Amino acid sequence: MTTNVYDSNVGLMATDSRWSVEYGNYLIYVDDTRFDKIERYGDAVFMFAGDGHRIQAWKTWIRSAPGDDSQMPDCEKMCVCIARASDKAVLFKERQDIVKDGGYFAGSGSRYAYVCWNENRDGQRAVESAKTFDSSSGGDVKFFDFVSGDHNLFNPTKDVQVQDVIDALNDRGMVMEIAMNANEQKAPFKLKDVTAANDPALKEAQGKLANGELSPTAPCDGMYSEWTADQKSKLKGVLGDVFGWKK
3 MTTNVYDSNV GLMATDSRWS VEYGNYLIYV DDTRFDKIER YGDAVFMFAG
53 DGHRIQAWKT WIRSAPGDDS QMPDCEKMCV CIARASDKAV LFKERQDIVK
103 DGGYFAGSGS RYAYVCWNEN RDGQRAVESA KTFDSSSGGD VKFFDFVSGD
153 HNLFNPTKDV QVQDVIDALN DRGMVMEIAM NANEQKAPFK LKDVTAANDP
203 ALKEAQGKLA NGELSPTAPC DGMYSEWTAD QKSKLKGVLG DVFGWKK
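Residue numbers for the sequence shown, in my numbering: 3 to 249.
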């Protein structure tokens, strides 16, 4: 799951780095895979949450410098905030959980992040705070400062793919039991230590991850509602400006 924050007052975008899969009574997760939720193209900065395969399609498409919208990926199962680095302006915001006082928040940790940000006006600190309260957010806080240009995003010689996240889930992913009563929750354990004998459901989840039936996600509430034709049209208009398509 995830915590995404954009502070348009200062031009700072920050997210956690956890990707997860919820399966039955379990949350399977992995941190710090280098598959970032922030993507930059020219003067535009995209902040994603939602289905990992869908976000992969968008990141790949953005990096291809598309000449029109004919191959634009589907918008379903994700939320996105797009801002312009040069003046901090928000160009597009869809499926954000909280929008208030120039702050944009999405993901399972959005409420906790907002509470911290409202007090301290520090986007990175807000994500760190959300990690403390929201067990579905975690890993390094990834950020991009529009004013200074400072960031800790991964700059690969080749794209990091969602398959790399799946590989990481199977290799070093952790399993957290989802319990209604926090006092009954067991300590997280490694997914690869699970055997079919001691937990057939988790072995089934491993198989579904391998064949693509399950997708790593950075869940937000907005990924579960359908995009309207008007929302898609507005997004295409913004992307036309970002990529310089002819009107």
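Using N, Cα and C, we set each Cβ at its ideal position, and we do this for glycine too.
Given the structure is predicted, the values throughout are model-derived calculations rather than measurements.
Residue i and residue j look like a contact to me (Cβ under 8 Å); what is the Cβ gap, rounded to whole Å?
{"i": "Thr-219", "j": "Asp-53", "result": "6 Å"}
{"i": "Ile-40", "j": "Val-47", "result": "7 Å"}
{"i": "Phe-135", "j": "Tyr-116", "result": "With a Cβ gap of about 12 Å, Phe-135 and Tyr-116 do not count as contacting."}
{"i": "Ala-51", "j": "Met-178", "result": "About 19 Å; that fails the 8 Å criterion."}
Under the three-state reduction of DSSP, which class applies to residue i: helix, strand or coil?
{"i": "Asp-53", "result": "strand"}
{"i": "Asp-147", "result": "strand"}
{"i": "Ala-59", "result": "helix"}
{"i": "Trp-247", "result": "coil"}
{"i": "Met-74", "result": "coil"}
{"i": "Gly-105", "result": "strand"}
{"i": "Leu-155", "result": "coil"}
{"i": "Phe-191", "result": "strand"}
{"i": "Trp-119", "result": "helix"}
{"i": "Val-167", "result": "helix"}
{"i": "Ser-22", "result": "strand"}
{"i": "Val-196", "result": "coil"}
{"i": "Leu-216", "result": "coil"}
Output yes if chain D places a C-beta closer than 7 Å to the C-beta of residue i; else output no.
{"i": "Gly-109", "result": "Here there is only one protein chain, and chain D is not present."}
Roughly how many angstroms separate the alpha carbons of residue i and residue j, rounded to a whole number?
{"i": "Lys-61", "j": "Ala-85", "result": "15 Å"}
{"i": "Gln-126", "j": "Val-143", "result": "7 Å"}
{"i": "Ala-170", "j": "Tyr-43", "result": "27 Å"}
{"i": "Ser-112", "j": "Lys-194", "result": "30 Å"}
{"i": "Ala-67", "j": "Phe-245", "result": "7 Å"}
{"i": "Ser-131", "j": "Leu-216", "result": "29 Å"}
{"i": "Lys-248", "j": "Gln-233", "result": "20 Å"}
{"i": "Val-240", "j": "Glu-206", "result": "42 Å"}
{"i": "Phe-146", "j": "Lys-188", "result": "35 Å"}
{"i": "Phe-94", "j": "Ile-180", "result": "34 Å"}
{"i": "Ser-110", "j": "Asp-45", "result": "28 Å"}
{"i": "Phe-148", "j": "Cys-83", "result": "15 Å"}
{"i": "Glu-121", "j": "Asp-9", "result": "13 Å"}
{"i": "Ser-235", "j": "Asp-223", "result": "21 Å"}
{"i": "Cys-77", "j": "Pro-221", "result": "14 Å"}
{"i": "Arg-36", "j": "Arg-20", "result": "10 Å"}
{"i": "Asp-124", "j": "Asp-18", "result": "14 Å"}
{"i": "Ala-16", "j": "Asn-200", "result": "39 Å"}
{"i": "Met-80", "j": "Ser-88", "result": "25 Å"}
{"i": "His-55", "j": "Gln-165", "result": "9 Å"}
{"i": "Val-92", "j": "Ser-72", "result": "24 Å"}
{"i": "Val-101", "j": "Met-49", "result": "14 Å"}
{"i": "Met-74", "j": "Asp-243", "result": "15 Å"}
On the criterion of 16 or more Cβ atoms from any shown chain inside 10 Å, does residue i qualify as buried, or is it exposed?
{"i": "Asp-173", "result": "exposed"}
{"i": "Val-57", "result": "Before going further, note that residue 57 is Ile rather than Val in the sequence given. Buried."}
{"i": "Asp-70", "result": "exposed"}
{"i": "Gly-140", "result": "buried"}
{"i": "Gly-105", "result": "buried"}
{"i": "Phe-156", "result": "exposed"}
{"i": "Asp-38", "result": "buried"}
{"i": "Gly-151", "result": "exposed"}
{"i": "Pro-202", "result": "exposed"}
{"i": "Arg-65", "result": "exposed"}
{"i": "Asn-6", "result": "buried"}
{"i": "Gln-98", "result": "buried"}
{"i": "Thr-197", "result": "exposed"}
{"i": "Lys-90", "result": "buried"}
{"i": "Gly-175", "result": "buried"}
Item checked: the stretch 17 to 35 contacting the stretch 201 to 221, beta-carbon criterion three pairs below 8 Å -> yes
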